[in-house]
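Here's the structure we're looking at; comments come further down.
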Amino acid sequence: MLKKQTQGFILDAGFIVSATDGFFDLRSRSLETFLSSCLFNVENEGTILTSLREWAVCECSRRCMSLSRTNVLSAMEPFLKYIRWALIPESHRSFVPRYLADKYRDDQLSLRKPFFVPPSLQFHIHYVKFVVELGAFHNQNQQNGLHNNVNCLKFSVDNHVFLAGFRIVGLFRTYTRFLRGPCCLTLSKDDDKLLIQFNLTSLSWTRGSAADRDIWHEMIAYLPYPIRLDPFSTYMLNLKNRRSKELAFARWPKTRLESEVITSDLGTIVFRVSGTCFGITQLFILPAPPYRNICNTEYD
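See below:
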C-alpha cells in the first residue's frame, strides 16, 4: 500500500519531482513506471524528454561511462517509446536524432492527463498571506454600473514558483452564492501578456459576517492548472466584471502583504508587491524548478 501511495504522489507531483535528484536516481523499472503513465502530471512533453536526458546523464555516471552524446542516447533509448513526439517541436529536441524520434514515434499513445493541481498537493501549498485593512476600500467609480474592473494585485517573485489558486474577499450588498453574470479574474505578465482568464461565474462564495447593511463574502479557488511565475517579472491580477449585478456595487477591501519571505521545500522565496492591493487575502503557490522543456544541449 505504501509503495502504491508513493507512486501516486510522484505521479501527481511530476512537474516538481521530475527535476530533483531523487528522480534522476530512480531505477530503470521505476522510471519506466512514471514515463509510461498517462497520469504523470507535467507542464508539457518537452519537460519529460529533458528529465529523461538528465536521468540518462546520471545513469551514465553510475555505470562509469563517459558523458558522450552516444552513451546518453543509449541510456535514453529504452524509454523513447513513451514520449509523445508530436507534442514536442522538432526545434526543441535536436539532442535526439530524427531517425530515433521517427523510430519510436507512436501517435496512437494516449494523451497524458491535462496539467492540474491534484488534491494530494494541496497539503504542500505555501500561502502568501495578506492582511485586510478594515475601513479602507477600492475607490471604484460606481457610475460604471455593471462594468467595474479592479486592479487587485501587482507583484513579483525572486524565484521560480507556480501559482495554484487564491482567496478573495469582498463586501456585497446582498447575500450571494453564485454570480449570475460574467466575471473573471485575469493574470497578466509585464502588463500586456495575458496568462489566464479565470471564470468566476460557476464558483461559490461563502457568506461571512454582516457589516451594517452589507455582507462579507469570501471565495477560495484553485486554478484549472498551475501557472508558472518567472523570477523578477511583474504580474498583475485584475478582477473584471462585465454584467454581474451582484458585483456591480461590491466593495473590495484594501489589503497588505503580511511577509515578503516564504520558506519552501526548494528554498526561500521573496514575494514583493507594487502599489496597493485590494480583495486578495491569500495566494496559493508551489515551488518550481527552472523551466525545462527544450532538449537541445549536446555532450562532447
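Each residue of the sequence shown is one higher than the one before, starting from 1 at the first, in UniProt numbering.
All C-beta atoms in this analysis are idealised placements derived from N, C-alpha and C, irrespective of residue type, glycine included.
Runs of the alpha helix (DSSP H) lying entirely within the UniProt domain "BACK" (2 to 68) and spanning at least 4 residues, in chain order: 2 to 12, 14 to 17, 21 to 24, 28 to 35, 45 to 62.
In summary, Thr201 is exposed, with fewer than 16 beta-carbon neighbours lying within 10 Å of its beta-carbon over all protein chains present.
Of Thr176, Phe137, Leu100, Asp25, the smallest CA-CA separation from Arg256 is found for Phe137. Membership of Arg167 in the beta strand (DSSP E) is indicated by the continuous run 161 to 172. Taking every protein chain shown into account, the CB of Ala56 has 16 or more other CB atoms within 10 angstroms, so this residue is buried.
Taking the C-beta atoms as reference points, Ala164 is found no nearer than 7 Å to Pro78.
In the DSSP assignment, Lys245 falls outside any beta strand (DSSP E) and within the unbroken alpha helix (DSSP H) covering 245 to 248. Here Trp85 carries a helix assignment [DSSP, helix/strand/coil]. Shown here, Glu258 sits in coil according to DSSP, grouped into three states, outside any helix or strand.
Rounded to the nearest angstrom, the gap between the Cα atoms of Asp25 and Ser156 is 34 Å.
The C-beta distance from Leu185 to Phe172 rounds to 16 Å, too long to meet the 8 Å contact threshold. Taken through DSSP and simplified to helix, strand or coil, Ser91 comes out as helix. Contact annotation, Pro253 with Ile16: C-beta distance approximately 33 Å; criterion of less than 8 Å not satisfied. Under the DSSP definition of a beta bridge, Phe123 lacks any partner. For Leu100, the enclosing alpha helix (DSSP H) starts and ends at 98 to 104.
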